[in-house]
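J.: Quick one: the structure is below, questions incoming.
Protein chains: 2
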Amino acid sequence: MRGFADRVAVADALRWLDTQAWRPEAEEIAVDQAAGRVLAAPISAPEDMPPADCAAIDGFAVQAQDSLGAGDYDPAVLTLTGADGPVLPGRAAPIVAGMELPPGADAILPFEWTQAQDNRVELFVPAAEGEGVARRAQQLRAGATLLDSGRELRPGDLGALSGLGIDRVAVLRRPRVRLVVAAPKGIGRDANGPLLQSLVARDGGLVVEVAAGLADQAAIAERMAAPGADLILVAGRSGTGSDDVAPLALAAIGQTAIHGIALQPGGSTGMGLARNLPVILLPGDPLACLVAYEIFAGRLIRLSGGRGPDFPHRVCEAELAGKIASAVGCVEFRQMRLARGRAEPLAVPETGGLAAALGADGFLVVPAPLEGYAPGARVRVHLYDRGWQP
Amino acid sequence: MRGFADRVAVADALRWLDTQAWRPEAEEIAVDQAAGRVLAAPISAPEDMPPADCAAIDGFAVQAQDSLGAGDYDPAVLTLTGADGPVLPGRAAPIVAGMELPPGADAILPFEWTQAQDNRVELFVPAAEGEGVARRAQQLRAGATLLDSGRELRPGDLGALSGLGIDRVAVLRRPRVRLVVAAPKGIGRDANGPLLQSLVARDGGLVVEVAAGLADQAAIAERMAAPGADLILVAGRSGTGSDDVAPLALAAIGQTAIHGIALQPGGSTGMGLARNLPVILLPGDPLACLVAYEIFAGRLIRLSGGRGPDFPHRVCEAELAGKIASAVGCVEFRQMRLARGRAEPLAVPETGGLAAALGADGFLVVPAPLEGYAPGARVRVHLYDRGWQP
């Protein structure tokens with residue numbers, strides 16, 4: 001019941017937090033399970049691609065010299081032979097893209113420019129040597145780097161790796177996060193469990209446990225100290241009121257590094273170490289919890305999973321419709337609505353603001369040195385949805 | 391072995407495809423499993439929020455009139471009482487944010503502006519009536535619409551709904567997709583299974599089966615006709631070569647609507663109905679398969695899951711570094727690299743281009759009526775990664 005006499009600057013809290021990021025170990029998983037995972041090591045081409053001269057298109061494999069001078073009214077006439085060849089002078093073998101070039105052939109003419117009947121094939125255009133052929137190693141030499149370590153694997157990556165015969169990849173382990181959700185105070189209900197579960201998953205973390213409904217110091221301390229997680233997020237009971245037992249639990253079994261931050265909302269955030277593992281104390285009010293997660297916890301999870309520190313949201317630049325006032329020295333998160341290309345700050349109550357924030361399209365961060373923004377200023381809004389396009 | 395004499399315009403193929411989108415049924419799921427799912431019906435507030443007058447901050451609940459004239463050197467001195475009240479004149483009750491306002495109290499002063507010792511509390515500033523109090527229904531009235539039908543649920547939504555006591559939500563069923571992956575031709579390996587699995591998941595679809603390695607018409611036809619899916623994607627064997635059995639399978643058990651599209655790469659794409667379910671025949675070359683998925687299959691999955699038709703990628707506008715030539719009448723997908731704020735087309739071979747596309751940051755779509763872009767043109771690149779910010 002003492003409030004926060006001093007609040008730590010957000011920049012200082014981030015500096016402490018960044019020193020807590022750990023270097024994740026690697027694990028090997030199947031390629032088809034690896035979408036969105038982060039590569040632990042570079043991947044090189046295991047073989048030439050293509051591994052041999054092969055057809056780049058569907059058509060007839062021929063010797064180019066046989067088609068010399070062919071035209072619409074004067075086709076070159078060849079004899080059909082089997083797809084495996086050999087393609088001797090005067091012969092043409094049907095072939096489909098991806099098949100090895102039959103011996104003797106040096107060009108492929110697409111079916112569109114030919115006409116086949118019985119065992120005769122007419123070519124209506126001349127073929128140049130090498131036409132329609134993909135040469136061995138034309139795309140990749142064995143040993144060439146395909147993907148660098150740190151790559152967040154995309155659908156196309158999974159396809160390309162599989163196509164090269166790579167079925168398993170070494171990726172960074174996902175940060176294992178335990179959520180300790182304090183029982184809501186007073187007449188509230190738990191909003192933070194579902195909120196944090198989906199945020200941790202978004203940032204590539206793995207929620208290993210949700211311990212919800214805890215209200216006393218010993219129970220919270222026990223879940224902070226339990227093994228099996230890399231990071232503990234405690235939501236709720238983070239303030240300085242009589243039942244704010246989370247900071248007491250941290251102090252009892254570990255070291256409090258920071259408690260009370262110049263951040264609005266989210267000022268009661270704390271952080272420290274328990275059994276040498278990072279613990280972040282997030283405020284119980286769901287909007288403040290969201291903000292503190294976004295600025296602190298999400299960053300640590302992303303960094304410790306081998307990702308970048310920045311917010312994962314799309315950014316939209318827009319003109320500010322109203323005025324935003326903010327205390328100098330304090331980082332403020334404002335809920336914003338986009339309407340007719342302009343960004344409007346939403347009025348959100350001090351507590352219980354998450355329901356009011358349902359109408360927001362994104363958030364705006366006012367940096368600590370600023371006292372806000374004037375109407376008409378160009379601001380950057382971080383968008384909550386995935387579909388909105390600038 | 392006939393090639394495509396006529397190719398259908400991409401716009402016409404999309405018109406046919408859009409008529410195949412179905413209205414998904416609703417299913418009820420737990421809120422904490424609902425991130426990214428699409429609401430099937432609007433959600434209204436089940437009760438007032440807050441449901442009663444309550445504390446908006448941690449502090450002492452008082453009668454505002456008792457603090458009149460209080461100052462740093464002349465504090466108002468009150469007597470401590472229990473948190474449940476009643477707060478009679480001259481009394482102050484400790485309270486934490488979210489608790490119901492005790493009877494008698496009409497304001498809350500934060501702990502920072504008070505000092506408590508033994509059972510006395512000193513207030514150093516006057517409190518206005520209503521200060522620090524969240525009034526019943528201040529944020530929401532029971533019955534007010536919280537979220538509209540069609541909303542893609544965000545982490546904050548899950549928190550807000552849970553906080554209002556809503557534990558289950560009606561969402562649209564995910565489109566059930568069967569992947570029928572034809573055995574690669576010639577010396578290729580299957581790239582399309584892992585590629586399509588991750589793309590379908592990205593677009594909110596549910597892969598119910600991956601039938602891989604099929605090479606004959608009857609086997610492919612059998613998986614087209616099997617129950618349990620809403621959409622069949624067949625990858626490979628879509629062309630007009632001798633072993634291109636996918637179009638034959640579709641024609642045998644259903645109706646082919648379109649085969650051969652003015653799209654590059656991806657021109658051998660087909661589509662039709664089997665047992666009244668949509669079937670899309672995607673090319674076997676992995677890059678062509680990716681392109682045909684993005685323009686056709688992904689759109690149908692998104693539409694039939696209640697999402698928008700547009701590409702889900704972030705878009706970046708940039709100046710074109712080179713020149714892009716494209717055939718008039720044909721939609722072309724070009725792989726693009728972003729370097730120093732400019733967009734460069736990547737050289738990608740006709741087949742096996744997915745490995746070359748690993749170096750691409752995104753793709754550019756050249757619309758059918760254009761013959762390309764001149765150097766320096768402003769173009770829109772759809773980005774493959776999730777982290778890149780304009």
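Line by line, the protein sequences give chains V and G.
Numbered per my numbering, the first sequence spans residues 1 to 390.
Numbered per my numbering, the second sequence spans residues 391 to 780.
The beta carbon of each residue, even a glycine, is placed where N, CA and C say it ideally should be.
(1) Let's see if you can read the secondary structure: which residues bound the alpha helix (DSSP H) around V:Q197?
(2) Are the C-beta atoms of G:D422 and some chain V residue less than 7 angstroms apart?
(3) Taking beta-carbon pairs under 8 angstroms, can you tell me which members of the stretch 435-451 of chain G lie near chain A?
(4) Which one or two residues does DSSP pair with G:L530 in a beta bridge?
(5) Can you find a CB in chain G that lies within less than 7 angstroms of the CB of V:A21?
(6) Give the C-beta separation of G:I691 and G:L754 to the nearest angstrom, bearing in mind that I take them to be a contact with Cβ-Cβ under 8 angstroms.
(7) If I'm right that V:V200 touches V:R178 with Cβ under 8 angstroms, what's the distance once you round it to whole angstroms?
(8) Per DSSP, V:T79 forms a beta bridge with which residues?
(9) In angstroms with no decimal places, state the Cα-to-Cα distance between G:E502 and G:R770.
(10) If you measure from the beta carbon of V:G387 to each beta carbon in chain G, is any gap under 7 angstroms?
(11) Taking DSSP as the reference, what is the three-state secondary structure of G:P780?
(12) Against chain V, does G:M489 count as a neighbour if the rule is that its beta carbon must be under 7 angstroms from one of theirs?
(13) Nearest-angstrom Cα distance between V:Q389 and V:G193?
(14) Compute the Euclidean distance between the alpha carbons of V:G163 and G:D675, then round it to the nearest angstrom.
(15) Relative to the C-alpha of V:L88, which candidate in V:E100, V:A97, V:A105 and V:A356 has its C-alpha closest?
(16) Which first and last residues belong to the beta strand (DSSP E) in which G:G644 is found?
(17) Using a threshold of 7 angstroms, state whether the C-beta atoms of V:A274 and V:I258 are closer than that.
(18) For chain G, is any of its Cβ atoms less than 7 angstroms away from the one on V:K185?
(19) Does any C-beta atom of chain G lie closer than 7 angstroms to the C-beta of V:P309?
(20) What's the call for V:I295, buried or exposed, on a 16-neighbour Cβ count within 10 Å?
(21) CA-CA distance, G:G762 and G:A737?
(22) Need the endpoints of the beta strand (DSSP E) that V:G228 sits in, please.
(23) Please determine, among V:T269, V:G98, V:L281 and V:V133, the residue with the shortest C-alpha to C-alpha distance to V:I220.
(24) Between G:S352 and chain V, is any beta-carbon pair separated by less than 7 angstroms?
(25) Please name the residue in V:W16, V:H382, V:V38 and V:R378 whose C-alpha comes closest to that of V:G205.
(26) Give, in chain order, every residue of the stretch 653-675 of chain G whose Cβ lies closer than 7 angstroms to some Cβ of chain V.
(27) Taking 7 angstroms as the threshold (beta carbon to beta carbon), is G:T741 in contact with chain V?
(28) Please confirm whether V:Q217 has its beta-carbon closer than 7 angstroms to some beta-carbon of chain G.
(29) Using C-beta distances below 7 angstroms, list every residue in its chain close to V:E344, excluding the 5 sequence neighbours before and after it, in chain order.
(30) Mind checking if G:A399 is an interface residue toward chain V, Cβ cutoff 7 angstroms exclusive?
(31) Would you mind working out which of V:D243, V:Y73, V:Q264 and V:P247 sits nearest V:L233, comparing C-alpha positions?
T.: Result, derived from the coordinates:
(1) One-based indexing of the first sequence puts residue 197 of chain V at position 197. Segment N192 to R202, the alpha helix (DSSP H) holding V:Q197.
(2) Stepping through the second sequence from its first residue, residue 422 of chain G is reached at position 32. Taking Cβ atoms only, chain V reaches closer than 7 angstroms to G:D422, which makes this a yes.
(3) Of the protein chains in this structure, namely V and G, none is chain A.
(4) Counted from its first residue, the second sequence places residue 530 of chain G at position 140. Bridge partners of G:L530: G:M439.
(5) As a working note, residue 21 of chain V is residue 21 in the first sequence. Not one chain G Cβ lies under 7 angstroms of V:A21.
(6) As a working note, residue 691 of chain G is residue 301 in the second sequence. As a working note, residue 754 of chain G is residue 364 in the second sequence. Not quite, the Cβ-Cβ distance comes to about 23 angstroms (not below 8 angstroms), so this is no contact.
(7) Taking the first sequence and counting its residues from 1, one reaches residue 200 of chain V at position 200. Taking the first sequence and counting its residues from 1, one reaches residue 178 of chain V at position 178. Actually they are not in contact, since the Cβ atoms of V:V200 and V:R178 sit about 10 angstroms apart, beyond 8 angstroms.
(8) Taking the first residue of the first sequence as 1, we reach residue 79 of chain V at position 79. Answer by DSSP bridge pairing, in chain order: V:R91 and V:R120.
(9) Residue 502 of chain G sits at position 112 when you count from the first residue of the second sequence. Residue 770 of chain G sits at position 380 when you count from the first residue of the second sequence. For G:E502 and G:R770, the distance between alpha carbons rounds to 53 angstroms.
(10) As a working mapping, residue 387 of chain V is identified with position 387 in the first sequence. Caution is warranted here: a pLDDT of 44 is assigned to V:G387, below 50, making its placement in the model unreliable, and the coordinate value is therefore given only provisionally. V:G387 counts as touching chain G.
(11) Taking the second sequence and counting its residues from 1, one reaches residue 780 of chain G at position 390. Only weak support is given to the placement of G:P780: the predicted model assigns it a pLDDT of 31, under 50, and the value that follows is read from those uncertain coordinates. If DSSP states are grouped into helix, strand and coil, G:P780 belongs with coil.
(12) The residue given as residue 489 of chain G occupies position 99 in the second sequence. Chain V, which has a Cβ nearer than 7 angstroms to the Cβ of G:M489, makes this yes.
(13) Locating residue 389 of chain V in the first sequence gives position 389, counting from the first residue. Locating residue 193 of chain V in the first sequence gives position 193, counting from the first residue. The predicted position of V:Q389 is uncertain, since its pLDDT is 33 and thus under 50; no value can be drawn from it.
(14) Taking the first sequence and counting its residues from 1, one reaches residue 163 of chain V at position 163. Taking the second sequence and counting its residues from 1, one reaches residue 675 of chain G at position 285. For V:G163 and G:D675, the distance between alpha carbons rounds to 10 angstroms.
(15) One-based indexing of the first sequence puts residue 88 of chain V at position 88. Checking every option, the nearest Cα to that of V:L88 belongs to V:A105.
(16) As a first step, residue 644 of chain G is located in the second sequence; it is residue number 254 there, counting from the start. Per DSSP, G:G644 belongs to the beta strand (DSSP E) from G644 to H649.
(17) Position 274 of the first sequence, counting from 1, holds the residue named residue 274 of chain V. Position 258 of the first sequence, counting from 1, holds the residue named residue 258 of chain V. For V:A274 and V:I258, no; Cβs fall outside 7 angstroms.
(18) Along the first sequence, read from residue 1 onward, the residue named residue 185 of chain V stands at position 185. With 7 angstroms as the cut-off, V:K185 counts as an interface residue toward chain G.
(19) As a working note, residue 309 of chain V is residue 309 in the first sequence. Answer no: the Cβ-Cβ gap between V:P309 and chain G never drops below 7 angstroms.
(20) Here the question's residue 295 of chain V lines up with position 295 in the first sequence. Classification for V:I295: buried.
(21) Locating residue 762 of chain G in the second sequence gives position 372, counting from the first residue. Locating residue 737 of chain G in the second sequence gives position 347, counting from the first residue. Their Cα atoms are separated by approximately 15 angstroms.
(22) Here residue 228 of chain V refers to the residue found at position 228 when the first sequence is read from its first residue. Where V:G228 is concerned, there is no enclosing beta strand (DSSP E), given that its DSSP letter is neither H nor E.
(23) Here the question's residue 220 of chain V lines up with position 220 in the first sequence. Nearest of V:T269, V:G98, V:L281 and V:V133 to V:I220, Cα basis: V:L281.
(24) The requested residue 352 of chain G does not occur in the structure, where chain G is confined to residues 391 to 780.
(25) Position 205 of the first sequence holds residue 205 of chain V. Looking at the Cα atoms, V:V38 is the closest of the given residues.
(26) D675
(27) Numbered from 1 along the second sequence, position 351 holds the residue referred to as residue 741 of chain G. Closer than 7 angstroms: yes.
(28) The residue labelled residue 217 of chain V in the question sits at position 217 within the first sequence. It does not; no Cβ of chain G falls within 7 angstroms.
(29) Your numbering for residue 344 of chain V matches position 344 in the first sequence. Same-chain partners within the cutoff: A321, G322, M336 and R337.
(30) One-based indexing of the second sequence puts residue 399 of chain G at position 9. Output row for G:A399: interface = no.
(31) What you label residue 233 of chain V is simply residue 233 of the first sequence in a count that begins at 1. It is V:P247 whose Cα lies nearest to the Cα of V:L233.
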